[in-house]
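Here the protein sequences come in this chain order: A and B. Residue 304, in this note's numbering, is where the first sequence stops; the numbers in between run on with no holes. Residue 163, in this note's numbering, is where the second sequence stops; the numbers in between run on with no holes.
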Amino acid sequence: MSPPVSRPRSPPLSPHLQVYRWQISNTLSILHRLTGVALAFGGLALVGWLLALASGQAAYAAANWVLTSFPGQAFLIGWTFCFFYHFCNGLRHLFWDAGFGFDKAVARKSGLAVVAAASVLTVIFWVVALTGVVE
Amino acid sequence: MSLKSPLGRVLGLGSSGTGTEHWVGQRLSAIALVPLTLWFLLSLLAFPALDFYAVTAWVAAPLHAVLLVLLVIALVYHSSLGTQVVVEDYVHAPGPRTLMLIILRLVHIALAVAGILAVFLIATRAPL
């Protein structure tokens, strides 16, 4: 049995991303992936730093010179924010996986809380790191 | 015209039947990373200065060395699973997709080996 001749070769596709209104939930979801990818490079840097420490004093000094340079610091601050965002939003995901927090209103609030927490934690981390409050 | 029955034609076209391990591994490594990353960052903050001898001695403490190796394993595993999904979702051309998945896997294996070995070398070099 052959299909009717008038049938289109490919069936119409369901609407894709562009028909949906941009909103906080999908923005945060995309940000979770973006920060995850950025953190994958952060992992590369962490292993590089450990290798430098293993290689001896000169290599370690070189690594720290790179990390304390202006671009190095910018990357570290960026990674810190990515980390705290991915960390907090990851916890949010784990709560979802356990079946909690699915209500629209709750998900919206927890999303905003994640952004706020990540920002505050990043600032606190760098204030402590640069002023040496701990010790 | 195919001689296959309608049932035979659709069998095996749905879920791949795998993937649960990937999903669970992503969550397990995430849970492990919660205490490990917090411990690592707080430890870094506690250093007055990240000088060579102080950091070497810190890494060499057996508990720290073990936790660092666990951190490297959980981090690299989590990163491997996560970046794999990103490529699977957005890279559609079969050639580049397979190539990127292979490269990602190999890079992550290399990272894990390098990280673990680095901790071992630091720990064994340090005069206790």
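Beta carbons: idealized from backbone N, C-alpha and C, even for Gly.
Taking residue i as the query, report the chain B residues whose CB atoms sit under 8 angstroms from its CB, ordered along the chain.
| i | result |
| --- | --- |
| A:Val-235 | Those within 8 angstroms of A:Val-235 in chain B number zero; the least Cβ separation is about 13 angstroms. |
| A:Val-283 | The contacting residues do not exist; A:Val-283 stays about 14 angstroms from chain B at best. |
| A:Ala-209 | Ser-114, Gly-117 and Thr-118 |
Terminal residues of the continuous alpha helix (DSSP H) containing residue i?
| i | result |
| --- | --- |
| B:His-127 | Looking at the DSSP string, B:His-127 is not in any alpha helix (DSSP H), and its letter there is neither H nor E. |
| B:Val-69 | 55–81 |
| A:Val-289 | 273–300 |
| A:Ala-267 | From DSSP, A:Ala-267 is part of no alpha helix (DSSP H); its letter is neither H nor E. |
| A:Ser-115 | Only positions 170 to 304 of chain A appear in the structure, and residue 115 of chain A is not among them; the question remains open. |
| B:Arg-44 | 41–45 |
| A:Val-188 | It is not in any alpha helix (DSSP H) - A:Val-188 carries neither H nor E in the DSSP assignment. |
| B:Ala-95 | 87–95 |
For residue i, which residues in chain A fall below 8 angstroms Cβ to Cβ?
| i | result |
| --- | --- |
| B:Ile-66 | Leu-263 |
| B:Ile-157 | Leu-219, Leu-222 and Ala-223 |
| B:Thr-91 | Leu-222 |
| B:Ala-153 | Val-216, Leu-219, Leu-220, Leu-222 and Ala-223 |
When the Cα atoms are used, what is the spatial distance from residue i to residue j?
| i | j | result |
| --- | --- | --- |
| A:Phe-239 | A:Ala-298 | 16 angstroms |
| A:Tyr-229 | A:Leu-245 | 17 angstroms |
| B:Ser-64 | A:Lys-273 | 28 angstroms |
| A:Glu-304 | B:Asp-86 | With a pLDDT of 44 at A:Glu-304, under the threshold of 50, the modelled position of this residue cannot be trusted; read the value that follows with caution. Approximately 15 angstroms between the Cα atoms of the pair. |
| B:Tyr-112 | A:His-255 | 16 angstroms |
| B:Leu-164 | B:Thr-72 | In this structure chain B extends from 36 to 163, so residue 164 of chain B is not present and cannot be described. |
| B:Ala-92 | A:Leu-222 | 11 angstroms |
| B:Ala-149 | B:Ser-37 | 53 angstroms |
| B:His-56 | A:Trp-191 | The residue asked about is misnamed: residue 56 of chain B is Glu in this sequence, not His. Approximately 32 angstroms, taken between the alpha carbons. |
| A:Gln-187 | A:Val-296 | 41 angstroms |
| B:Phe-82 | B:Val-104 | 20 angstroms |
| B:Ile-138 | A:Val-283 | 33 angstroms |
| A:Thr-196 | A:Tyr-189 | 12 angstroms |
| B:Thr-159 | B:Val-120 | 37 angstroms |
| B:Gly-49 | B:Leu-42 | 12 angstroms |
| A:Ala-224 | B:Gly-117 | The question names Ala, but residue 224 of chain A is Ser in the sequence shown. The straight-line gap from Cα to Cα measures roughly 30 angstroms. |
| A:Ile-199 | B:Glu-123 | 15 angstroms |
Buried or exposed for residue i, going by 16 or more other Cβ atoms inside 10 Å?
| i | result |
| --- | --- |
| B:Val-101 | exposed |
| A:Val-271 | The sequence shown places Phe at residue 271 of chain A, not Val. Exposed, by the Cβ-count rule. |
| A:Ile-293 | exposed |
| A:His-204 | Here residue 204 of chain A is Thr; the residue named in the question, His, does not match the sequence. Its Cβ being crowded by 16 or more others within 10 Å, A:Thr-204 is buried. |
| A:Trp-234 | exposed |
| A:Leu-215 | buried |
| B:Ser-190 | Chain B is shown from 36 up to 163; residue 190 of chain B falls before or after that span and cannot be answered. |
| A:Arg-261 | buried |
| B:Val-59 | exposed |
| A:Asn-258 | buried |
| B:His-165 | Coverage of chain B is limited to positions 36 through 163, which leaves residue 165 of chain B absent and any answer about it impossible. |
| A:Gln-226 | exposed |
| A:Gly-280 | buried |
Give me the chain A residues within the contact set of residue i, using Cβ-Cβ distance strictly less than 7 angstroms, ordered along the chain.
| i | result |
| --- | --- |
| B:Gly-174 | Summary: the structure shown does not reach residue 174 of chain B, with chain B confined to residues 36 through 163, and so no result is reported for it. |
| B:Gly-150 | Val-216 and Leu-219 |
| B:Val-111 | Gly-212 |
Can you tell me the Cβ-Cβ gap for residue i and residue j, rounded? I've got them flagged as a contact below 8 angstroms.
| i | j | result |
| --- | --- | --- |
| B:Ala-89 | B:Ile-157 | That pair is no contact at about 12 angstroms. |
| A:Phe-252 | A:Leu-208 | 6 angstroms |
| B:Phe-75 | B:Leu-106 | 6 angstroms |
| B:Ser-114 | A:Gly-212 | 5 angstroms |
| B:Ala-153 | A:Leu-182 | With a Cβ gap of about 48 angstroms, B:Ala-153 and A:Leu-182 do not count as contacting. |
| B:Ala-109 | B:Leu-141 | The Cβ separation is near 19 angstroms, so there is no contact. |
| A:Ala-232 | A:Gly-217 | 7 angstroms |
Determine the chain B residues that contact residue i at a beta-carbon separation under 7 angstroms, and present them in chain order.
| i | result |
| --- | --- |
| A:Val-297 | Leu-80 |
| A:Asp-266 | Arg-62 |
| A:Val-206 | Thr-118 and Val-121 |
If the cut is a Cβ gap below 9 angstroms, which residues of chain B does residue i touch?
| i | result |
| --- | --- |
| A:Val-289 | Ordered by position in chain B, no residue passes the 9 angstroms Cβ test against A:Val-289, which lies about 15 angstroms from the chain. |
| A:Arg-202 | Gly-117, Val-120, Val-121 and Asp-124 |
Name the chain A residues that come within less than 9 angstroms of residue i, Cβ to Cβ?
| i | result |
| --- | --- |
| B:Thr-72 | Phe-252 and Phe-256 |
| B:Ala-100 | Under the 9 angstroms cutoff, chain A gives no residues; its nearest Cβ is about 11 angstroms from B:Ala-100. |
| B:Ala-128 | Here the premise fails: no neighbours, minimum Cβ distance about 18 angstroms. |
What I want to know is whether the C-beta of residue i ends up closer than 8 angstroms to one or more non-hydrogen atoms of the ligand FMN.
| i | result |
| --- | --- |
| A:Val-296 | Looking for the ligand FMN in the displayed structure turns up nothing, as the structure carries no ligands at all. |
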